[in-house]
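Number of protein chains: 2
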Amino acid sequence: MLSVAEAEKIILQNVFLPASEEVELTSSLGRVLAEDLVADRDFPPFDRVTMDGIAICHAEWDEGRRQFAIEGIQAAGAPRMTLEDLANCLEVMTGAMLPDGADTVVRYEDLRIENGIAAVLCETVFPRQNIHFQGIDRQAGALIVQKGQKIGPAEIAVAATVGKTKLRVARLPRTAIVSTGDELVDVGQIPLPHQIRSSNVFALRALLECEFKMESQIFHFPDDRGGIARGLEKILREFEIVVLSGAVSEGKFDFVPQVLNALGVEKCFHKVSQRPGKPFWFGRITGRAVIFALPGNPVSAFLCACRYLLPFLRKSMGESLRHPEMAALNEAVSFKPALTYFLPVRLTWSNDGLMRAQPSPGHGSGDLANLSDADGFLELPVERDVFRAGEAFPVHRYRF
Amino acid sequence: MLSVAEAEKIILQNVFLPASEEVELTSSLGRVLAEDLVADRDFPPFDRVTMDGIAICHAEWDEGRRQFAIEGIQAAGAPRMTLEDLANCLEVMTGAMLPDGADTVVRYEDLRIENGIAAVLCETVFPRQNIHFQGIDRQAGALIVQKGQKIGPAEIAVAATVGKTKLRVARLPRTAIVSTGDELVDVGQIPLPHQIRSSNVFALRALLECEFKMESQIFHFPDDRGGIARGLEKILREFEIVVLSGAVSEGKFDFVPQVLNALGVEKCFHKVSQRPGKPFWFGRITGRAVIFALPGNPVSAFLCACRYLLPFLRKSMGESLRHPEMAALNEAVSFKPALTYFLPVRLTWSNDGLMRAQPSPGHGSGDLANLSDADGFLELPVERDVFRAGEAFPVHRYRF
Numbered sequence: 003m004l005s006v007a008e009a010e011k012i013i014l015q016n017v018f019l020p021a022s023e024e025v026e027l028t029s030s031l032g033r034v035l036a037e038d039l040v041a042d043r044d045f046p047p048f049d050r051v052t053m054d055g056i057a058i059c060h061a062e063w064d065e066g067r068r069q070f071a072i073e074g075i076q077a078a079g080a081p082r083m084t085l086e087d088l089a090n091c092l093e094v095m096t097g098a099m100l101p102d103g104a105d106t107v108v109r110y111e112d113l114r115i116e117n118g119i120a121a122v123l124c125e126t127v128f129p130r131q132n133i134h135f136q137g138i139d140r141q142a143g144a145l146i147v148q149k150g151q152k153i154g155p156a157e158i159a160v161a162a163t164v165g166k167t168k169l170r171v172a173r174l175p176r177t178a179i180v181s182t183g184d185e186l187v188d189v190g191q192i193p194l195p196h197q198i199r200s201s202n203v204f205a206l207r208a209l210l211e212c213e214f215k216m217e218s219q220i221f222h223f224p225d226d227r228g229g230i231a232r233g234l235e236k237i238l239r240e241f242e243i244v245v246l247s248g249a250v251s252e253g254k255f256d257f258v259p260q261v262l263n264a265l266g267v268e269k270c271f272h273k274v275s276q277r278p279g280k281p282f283w284f285g286r287i288t289g290r291a292v293i294f295a296l297p298g299n300p301v302s303a304f305l306c307a308c309r310y311l312l313p314f315l316r317k318s319m320g321e322s323l324r325h326p327e328m329a330a331l332n333e334a335v336s337f338k339p340a341l342t343y344f345l346p347v348r349l350t351w352s353n354d355g356l357m358r359a360q361p362s363p364g365h366g367s368g369d370l371a372n373l374s375d376a377d378g379f380l381e382l383p384v385e386r387d388v389f390r391a392g393e394a395f396p397v398h399r400y401r402f
Numbered sequence: 003m004l005s006v007a008e009a010e011k012i013i014l015q016n017v018f019l020p021a022s023e024e025v026e027l028t029s030s031l032g033r034v035l036a037e038d039l040v041a042d043r044d045f046p047p048f049d050r051v052t053m054d055g056i057a058i059c060h061a062e063w064d065e066g067r068r069q070f071a072i073e074g075i076q077a078a079g080a081p082r083m084t085l086e087d088l089a090n091c092l093e094v095m096t097g098a099m100l101p102d103g104a105d106t107v108v109r110y111e112d113l114r115i116e117n118g119i120a121a122v123l124c125e126t127v128f129p130r131q132n133i134h135f136q137g138i139d140r141q142a143g144a145l146i147v148q149k150g151q152k153i154g155p156a157e158i159a160v161a162a163t164v165g166k167t168k169l170r171v172a173r174l175p176r177t178a179i180v181s182t183g184d185e186l187v188d189v190g191q192i193p194l195p196h197q198i199r200s201s202n203v204f205a206l207r208a209l210l211e212c213e214f215k216m217e218s219q220i221f222h223f224p225d226d227r228g229g230i231a232r233g234l235e236k237i238l239r240e241f242e243i244v245v246l247s248g249a250v251s252e253g254k255f256d257f258v259p260q261v262l263n264a265l266g267v268e269k270c271f272h273k274v275s276q277r278p279g280k281p282f283w284f285g286r287i288t289g290r291a292v293i294f295a296l297p298g299n300p301v302s303a304f305l306c307a308c309r310y311l312l313p314f315l316r317k318s319m320g321e322s323l324r325h326p327e328m329a330a331l332n333e334a335v336s337f338k339p340a341l342t343y344f345l346p347v348r349l350t351w352s353n354d355g356l357m358r359a360q361p362s363p364g365h366g367s368g369d370l371a372n373l374s375d376a377d378g379f380l381e382l383p384v385e386r387d388v389f390r391a392g393e394a395f396p397v398h399r400y401r402f
C-alpha cells in the first residue's frame with residue numbers, strides 16, 4: 003500500500019495550471035496572484051513629512067538658531083513649496099512634500115508658535131528627522147509582491163498604491179463535488195431510521211470556499227452503477243477537478259473505481275496506509291481532469307481533502323508555499339497499526355510561543371461532531387507506535 | 003496618554019450587539035453562529051457498520067464457529083434486516099445498519115467467500131468490532147457547536163447533518179470606511195508628484211471581508227471642514243461602525259476630531275501610547291454608532307484596525323474568543339520610546355513547534371510595502387526597552 007508521502011508525490015505530479023484571469027481589485031481578496039506587483043514609482047514617491055510641525059534647514063539649527071519665522075504652510079496634497087529664506091521655516095503637515103531648502107522637521111509638540119514665529123523648545127533636533135525619504139522603502143521598478151502570493155489585506159493595499167484596478171490571478175479550476183450512497187438524504191429532509199443527511203459535500207465545498215474563494219458545484223448519485231456512470235460521464239466532460247465521496251472501498255455497491263475505469267480515467271493509486279482515509283482512490287485523465295475519490299466516512303473525506311486536495315489546488319494555482327506548521331503534543335499518544343495516524347487536535351499557544359496540540363481523537367472516521375471540537379489533524383508518522391508529550395509534528399489546520 | 007490595555011478596555015466596553023439574522027447554510031461560512039447546534043438525534047443514529055464484510059453473532063465465534071452461511075446483504079440506506087439464524091451471517095456494507103441479532107462485523111479482507119459461505123481466516127475476532135454504536139459520539143439533544151463559534155467547514159458539516167438549511171448568525175454591522183486627505187487620488191489615476199493613491203480604505207475593507215465576510219462601504223472626503231462635516235453627518239445617520247483614516251493628529255487640516263465633536267460624537271479617547279498609531283481617536287454615539295478615527299499613515303491605520311477594530315467586531319458579534327497566539331522573537335530587539343511597540347514580523351515554525359517571529363521593522367508607519375513582507379505585529383510591552391531572542395509575545399496576525 004502507498005505511503006502518505008508517496009500518495010502526495012503522485013498527486014502533486016498531476017497538477018495542471020489552469021492559466022490566469024483578470025479580476026477587479028475589489029474582488030481579488032483570497033485569490034492567488036498570477037503577476038508580480040512592482041513599484042510604479044519610488045516608495046515613498048517624494049521626501050514625505052511624517053509629523054505635523056515645521057520644516058527647517060538644519061544648518062541654521064547647528065548655528066544656534068532657535069526661532070524661525072513662518073513663511074507659509076505646506077499642506078499634504080499640495081505641490082512642493084520652497085523655503086525662500088533658509089533662516090525661516092514652513093509649517094508642514096503629515097504626508098506633505100518636504101519643501102525645497104528644508105531638510106529637517108520639528109513636530110508641534112516641541113514648538114511654541116506666537117506671532118508667526120516658531121520657537122523650538124526641545125534640546126535636540128537631529129538632522130533629517132521626521133522625514134520619510136523618497137525611495138527608501140522601495141525604488142521604482144522594484145518587486146513588491148511576487149506572483150504566487152495569496153492576496154490578503156496587505157497585498158490589496160500594495161495593489162491599490164501601485165494603481166492596479168484589476169489584478170491577474172490564477173483561474174479557479176471548474177470543480178465538482180459528488181456524493182454517492184443510498185443512505186443519504188437532503189439536508190432539508192427528515193431521515194428515516196436507516197438514513198442520514200448529506201454533509202460531506204457541504205464540508206468539502208466549504209473547505210474550498212474558505213481557502214480559495216472557489217465556488218464548486220454539488221452532485222449526488224444513489225448507489226446505482228448505471229446512474230453513477232451516466233452522471234460521471236457528463237461531469238468529466240465539464241469539470242477539471244472531480245471530488246467524490248463514498249463507494250470506493252470493498253463494498254458490494256462500491257461502483258466508483260470500476261465506473262471511473264470504464265470512463266477512461268486512469269487510476270494512479272487506490273488505498274493509502276493512513277487512518278482515517280485508507281480507501282482513498284486517485285486518478286486522472288491526463289491534462290484534462292483529476293479525480294479525488296475519497297472515502298465516504300465524514301472524517302476520512304475531510305482529512306483527505308485537507309491533506310491532499312488543498313495542497314494539490316495550492317500547487318495548481320502556483321501558490322508559493324510556506325513551511326508546514328508544527329505543533330507539540332500535549333500528552334503522549336500511542337497508535338499501533340502500521341498506518342500514518344492523522345489525529346484530530348485542538349490547538350493552543352503557551353506563553354513561550356509553543357503551539358500545543360491537545361488530542362481529540364473522537365470515535366473514529368464516522369465521528370463528524372468531533373471535527374467541530376478540533377482545529378486540525380496532527381500527522382503522526384507510520385514508523386512509530388508511541389509519541390511522547392512535547393514532541394512536535396506537522397499539523398494540518400482547518401480552522402484559524 | 004492611554005495605554006494599549008486601557009484603550010482596548012474602553013473600546014470593548016462600547017460593543018453593542020447587532021442582533022442576529024437567518025442565512026442559508028450555503029452562505030453561512032465565516033459568519034458567527036447566533037444559535038447552538040444541537041444533535042437532532044443520536045450521533046450516529048443507529049449501530050452503524052464501519053467496514054464492508056459480514057455481521058455475525060459473536061457468541062457463535064466463541065463457541066468455535068468459523069464458517070457462516072450468508073443469509074443476504076444489508077446495504078447502506080436500507081432498513082434494518084434481521085439475522086434469522088444466529089449461526090449464519092449477513093453481508094454488511096459500510097454505513098449500513100447493524101442487523102438485528104448480529105453484534106460483530108468481520109471485514110472482507112479477513113474472509114474467504116465461496117458458495118454462499120463466508121469462512122473467517124483471521125485468528126482473532128473481538129466482540130462488537132467494526133461497529134460505530136448509536137449515540138456514542140453525541141446523544142440526541144446534546145450540544146454540538148456553541149453559539150458564538152465562527153462557522154468553518156466543520157460547522158457546516160455539523161449543521162448539514164442536523165438538518166439546518168438555514169442558520170441564525172450575528173448580523174453584520176453597517177460599516178463605513180472613510181478616507182480623508184487632499185493628497186489621495188483614485189487607484190485608477192496617475193498621481194501628480196505630490197499625490198499618492200488611496201490605499202487605506204481598500205486594506206481596511208479587505209481586513210473586514212477576510213475576517214467577517216463583511217461588505218463595508220467606502221467614502222472619501224478632501225481636507226475641507228465643511229465637506230467632511232456634511233459627509234460625516236450623513237454617514238453617522240446610516241452606519242453603525244465608522245472607520246476613518248487620516249486627519250486625527252495635530253495638523254492644520256486635521257478637522258476630524260472637531261467635526262465629530264460638533265456632530266455629537268462623544269470622544270472616548272484621543273491618542274494611545276503606542277507606535278505606530280499614536281494619534282488614534284475613538285468615540286461613540288451611545289447605542290447607535292462607534293467611530294474609529296485611525297491615523298492616516300498606512301501602517302498605523304492597519305495596525306489599529308488589527309489590534310482594536312477586529313477584537314471590537316469579534317466581541318460585538320458574540321464570537322467566542324481563543325487564547326492569543328504567542329510567537330518567540332528570532333532575534334533581540336531594542337526599542338527605547340515609552341510606547342508599546344507593534345513590530346511587524348514574519349512567522350515561521352521550528353521543528354519543535356515553536357512559532358518564531360522574524361522582525362521586519364521596515365521604515366516606519368509610512369512603509370506600506372513592508373506589510374506585504376510581514377504576517378502580523380508582535381506586541382512588545384511598554385515597560386521594557388530590550389527584548390531578548392527567544393522571548394515570546396502576543397502576535398496579531400493578518401495573514402494565515
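Which chain is which? The protein sequence lines are A and B, in order.
Following the working numbering, the numbering of the first sequence begins with 3 at its first residue and continues without gaps.
Following the working numbering, the numbering of the second sequence begins with 3 at its first residue and continues without gaps.
We put the CB at the ideal spot given by N, CA and C, even for glycine.
Backbone CA spacing between residue i and residue j [nearest angstrom]
{"i": "E65 of chain A", "j": "T96 of chain A", "result": "27 Å"}
{"i": "F214 of chain B", "j": "F241 of chain B", "result": "17 Å"}
{"i": "G165 of chain B", "j": "K236 of chain B", "result": "43 Å"}
{"i": "A2 of chain A", "j": "D369 of chain B", "result": "Given that chain A is displayed from residue 3 to residue 402, the structure contains no residue 2 of chain A and the question cannot be resolved."}
{"i": "F389 of chain A", "j": "P396 of chain A", "result": "13 Å"}
{"i": "V187 of chain A", "j": "F379 of chain A", "result": "28 Å"}
{"i": "N263 of chain A", "j": "V107 of chain B", "result": "30 Å"}
{"i": "E393 of chain A", "j": "Q219 of chain A", "result": "40 Å"}
{"i": "R358 of chain B", "j": "H325 of chain B", "result": "17 Å"}
{"i": "F48 of chain A", "j": "P193 of chain B", "result": "12 Å"}
{"i": "I153 of chain A", "j": "E333 of chain B", "result": "28 Å"}
Neighbour list for residue i in chain A, Cβ cutoff strictly below 9 Å
{"i": "D226 of chain B", "result": "Those within 9 Å of D226 of chain B in chain A number zero; the least Cβ separation is about 11 Å."}
{"i": "K280 of chain B", "result": "Correct list: empty, because the minimum Cβ distance to chain A is about 10 Å."}
{"i": "C394 of chain B", "result": "A small correction: the amino acid at residue 394 of chain B is Ala; Cys does not occupy that position in the sequence shown. Here the neighbours are W351, S352, N353, D354, G355, L356."}
{"i": "A340 of chain B", "result": "Neighbours of A340 of chain B on chain A: none; closest Cβ ~14 Å, over 9 Å."}
Residue from the options with nearest C-alpha to residue i
{"i": "P20 of chain A", "options": "A:P175, A:R43, A:G364", "result": "A:P175"}
{"i": "E111 of chain A", "options": "A:L123, A:N117, A:L100, A:T350", "result": "A:L123"}
{"i": "R290 of chain A", "options": "A:A7, A:V244, A:D375", "result": "A:V244"}
{"i": "H196 of chain B", "options": "A:P81, A:R130, A:K11", "result": "A:P81"}
{"i": "G55 of chain A", "options": "A:R43, A:A41, A:A78, A:A144", "result": "A:A78"}
{"i": "G320 of chain B", "options": "B:D38, B:S5, B:L27", "result": "B:D38"}
Residue j beta carbon less than 9 Å from that of residue i
{"i": "N90 of chain A", "j": "I75 of chain A", "result": "no"}
{"i": "P346 of chain B", "j": "S336 of chain B", "result": "no"}
{"i": "I133 of chain A", "j": "D102 of chain A", "result": "no"}
{"i": "L100 of chain B", "j": "A57 of chain B", "result": "yes"}
{"i": "V301 of chain B", "j": "P278 of chain B", "result": "yes"}
{"i": "F223 of chain B", "j": "L238 of chain B", "result": "no"}
{"i": "V147 of chain B", "j": "S374 of chain A", "result": "yes"}
Cross-chain neighbours of residue i in chain B, by beta carbon under 7 Å
{"i": "Q197 of chain A", "result": "G79"}
{"i": "H134 of chain A", "result": "H365, G366, G368"}
Contact list for residue i against chain B, beta-carbon separation under 9 Å
{"i": "E416 of chain A", "result": "Because chain A spans 3 through 402 in this model, residue 416 of chain A falls outside it and cannot be assessed."}
Chain A residues whose Cβ lies nearer than 7 Å to that of residue i
{"i": "F402 of chain B", "result": "F402"}
{"i": "F48 of chain B", "result": "P195, H196"}
{"i": "H325 of chain B", "result": "T350, W351"}
Residue i: contacting residues in chain A (beta-carbon distance under 8 Å)
{"i": "D139 of chain B", "result": "G364, H365, G368, D369, L370, A371, N372"}
{"i": "T96 of chain B", "result": "S251, G253, G298, N299"}
Interface partners of residue i on chain B, CB under 8 Å
{"i": "L209 of chain A", "result": "P155"}
{"i": "T52 of chain A", "result": "N299, G366, S367, G368"}
{"i": "L184 of chain A", "result": "The sequence as given places Asp at residue 184 of chain A; Leu does not occur at that position. Residues of chain B passing the Cβ test: A77, A78, G79, A80."}
Near the ligand MG: residue i beta-carbon under 8 Å from a heavy atom
{"i": "S367 of chain B", "result": "Ligands displayed in this structure: none; no statement on the ligand MG is therefore possible."}
Return the residues of the segment 145 to 178 of chain A that lie within a Cβ-Cβ distance of less than 9 Å from chain B, sorted by chain order. Within the segment 145 to 178 of chain A, the residues whose Cβ lies closer than 9 Å to any Cβ of chain B are, in chain order, I146, V147, Q151, K152, I153, G154, P155, A156, E157, I158, A159, V160, A161, A162, T163, V164, G165, K166, T167.
Please list, in chain order, the residues of the segment 250 to 283 of chain A that have any C-beta partner in chain B closer than 7 Å. S251, E252, G253, K254, F255
Which residues, taken in chain order from the segment 102 to 121 of chain B, show a beta carbon closer than 9 Å to some beta carbon of chain A? Result list: R109, Y110, E111.
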